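Here numbering that gives the first Met the number 0 is used: the first residue of the sequence shown is 0, the next is one more, and so on.
Each residue gets a CB set at the ideal place from its N, CA and C atoms; glycine is no exception.
None of the values given here were measured: they were computed from a predicted structure.
This report refers to the structure that appears directly beneath it.
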Amino acid sequence: MTAPSDHLLRAHAPIPTESWKAIDDEARERLTPLLAARKVVDFVGAGGWHRSAYSLGRTTPLTGPPPGVGGAADVRALSRRVQPLAEVRVPFTVSRAEIDDVQRGAADPDFDDLARAARVAAEIENRAVFHGWPAAQVEGIAQNSPHPSLPLGDDCLAWPGVVARGVDALRRSGIGGPYSLCVNPDLYTTIVESTELGGYLLFDHLKNILGGSVIWSPGVDSAVVVSERGGDFVLDVGQDLSVGYSHHDAESVSLYIEESFTFRVLEPDAAVVLT
0 MTAPSDHLLR AHAPIPTESW KAIDDEARER LTPLLAARKV VDFVGAGGWH RSAYSLGRTT
60 PLTGPPPGVG GAADVRALSR RVQPLAEVRV PFTVSRAEID DVQRGAADPD FDDLARAARV
120 AAEIENRAVF HGWPAAQVEG IAQNSPHPSL PLGDDCLAWP GVVARGVDAL RRSGIGGPYS
180 LCVNPDLYTT IVESTELGGY LLFDHLKNIL GGSVIWSPGV DSAVVVSERG GDFVLDVGQD
240 LSVGYSHHDA ESVSLYIEES FTFRVLEPDA AVVLT
């Protein structure tokens with residue numbers, strides 16, 4: 000969550016300062032544990048709402064200068080290539096009665112629809128990072144990995160061996176650690192609930208193999224082993240996740256969570272997909 004900018008139109012909302020703080024605090028509290036991708040990729044930004052594209056550092060040749068320019072036969076002309084940032088806006092509502100209660104000192108505001116919007120916004124970002132977003136010209140970590148995917152199978156007690164093979168594949172490709180396992184919520188629950196022979200926790204065993212973390216990652220299909228060394232993946236954010244105002248009526252205020260971002264895989268070798 001970043002400081003709000005003018006385009007969010009917050010000054011036009013019938014929401015007092017204290018209630019805005021409660022909404023922002025709730026959004027931050029909900030979003031922080033959900034943004035799994037940010038724990039393993041490089042974060043660039045926030046560049047602000049006016050940032051429109053990520054420079055690829057590459058060019059496309061042009062046929063030449065504008066028509067009608069004389070003596071320009073040897074002119075070299077290039078078009079710089081960029082990747083546009085995508086804008087995401089997830090709407091939600093807050094009741095005006097709840098806003099009034101916050102002003103009266105209520106310490107337990109009912110912002111359930113905000114919680115839903117936070118889940119959706121975070122999953123969009125995670126999904127784009129790990130599995131891509133073709134319409135936004137984003138290729139994800141999983142689809143770029145050149146390593147053969149490794150099947151986890153149904154026996155969770157065999158997962159340490161699969162994860163170890165994933166880590167070994169990264170090391171053999173010259174990709175240093177530490178490594179993390181980004182895993183979908185269902186598999187994460189299985190991991191934290193499982194104990195191996197001898198009473199050793201599966202969660203701790205996996206962390207020892209990785210040298211990093213096991214990360215609860217909504218939006219991920221199955222799991223991905225990724226290097227945390229840095230420099231392999233870039234999440235470029237313009238407008239960081241912020242709450243803006245849309246409209247209101249006598250009963251409720253319509254707000255939204257907004258973000259602009261794009262994502263680049265710089266080193267495809269730095270991840271192994273587990274299916």
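Subject >> Cβ distance (whole Å) where R80 is taken to contact L61 below 8 Å >> reply: Their Cβ separation, rounded to whole angstroms, is 12 Å, which puts R80 and L61 out of contact at 8 Å.
**OP:** Run through the segment 180-266 for me and flag every whole beta strand (DSSP E) of 3 or more residues, listed as ranges in chain order.
**Re:** 213-215, 222-226, 232-236, 241-247, 251-264
Original post:
Taking F91 as the reference, which of V272, Y255, F260 has the closest Cα?
Top reply: Y255
**OP:** Determine the extent of the alpha helix (DSSP H) in which S18 is found, giving its start and end residues.
**Re:** 16-33
Original post:
If we ignore side chains and look at the alpha-carbon of each, how far apart do V191 and R29 end up?
Top reply: 21 Å
**OP:** Check whether the Cβ atoms of E124 and F260 sit closer than 8 Å, and answer yes or no.
**Re:** yes
Original post:
So G160 is in the alpha helix (DSSP H); what residue range does that whole segment cover?
Top reply: 158-171
Subject >> the segment 108-117 / the segment 257-273 touching (three or more Cβ pairs under 8 Å) >> reply: no
**OP:** Leaving aside the five residues before and after G165 along the sequence, list all residues of the same chain whose C-beta is less than 7 Å from its C-beta, in chain order.
**Re:** L149, V224, V271, L273
Subject >> C-alpha distance - V87 paired with G197, whole-angstrom precision >> reply: 48 Å
Original post:
Given a threshold of 16 other Cβ atoms within 10 Å of its Cβ, counted over all protein chains shown, does S238 qualify as buried or as exposed?
Top reply: Inspection of the sequence shows that residue 238 is occupied by Gln rather than by Ser. That one is buried.
Subject >> Alpha-carbon to alpha-carbon, G131 and V93 >> reply: 32 Å
Original post:
The alpha helix (DSSP H) with L113 in it runs from where to where?
Top reply: 111-130
Subject >> Range of the contiguous beta strand (DSSP E) that encloses E86 >> reply: 85-94
**OP:** Starting from T59, follow its DSSP beta bridges and name the residues at the other end.
**Re:** S78
Original post:
Going by alpha carbons, who is nearest to L234 out of S18, A52, R170?
Top reply: A52
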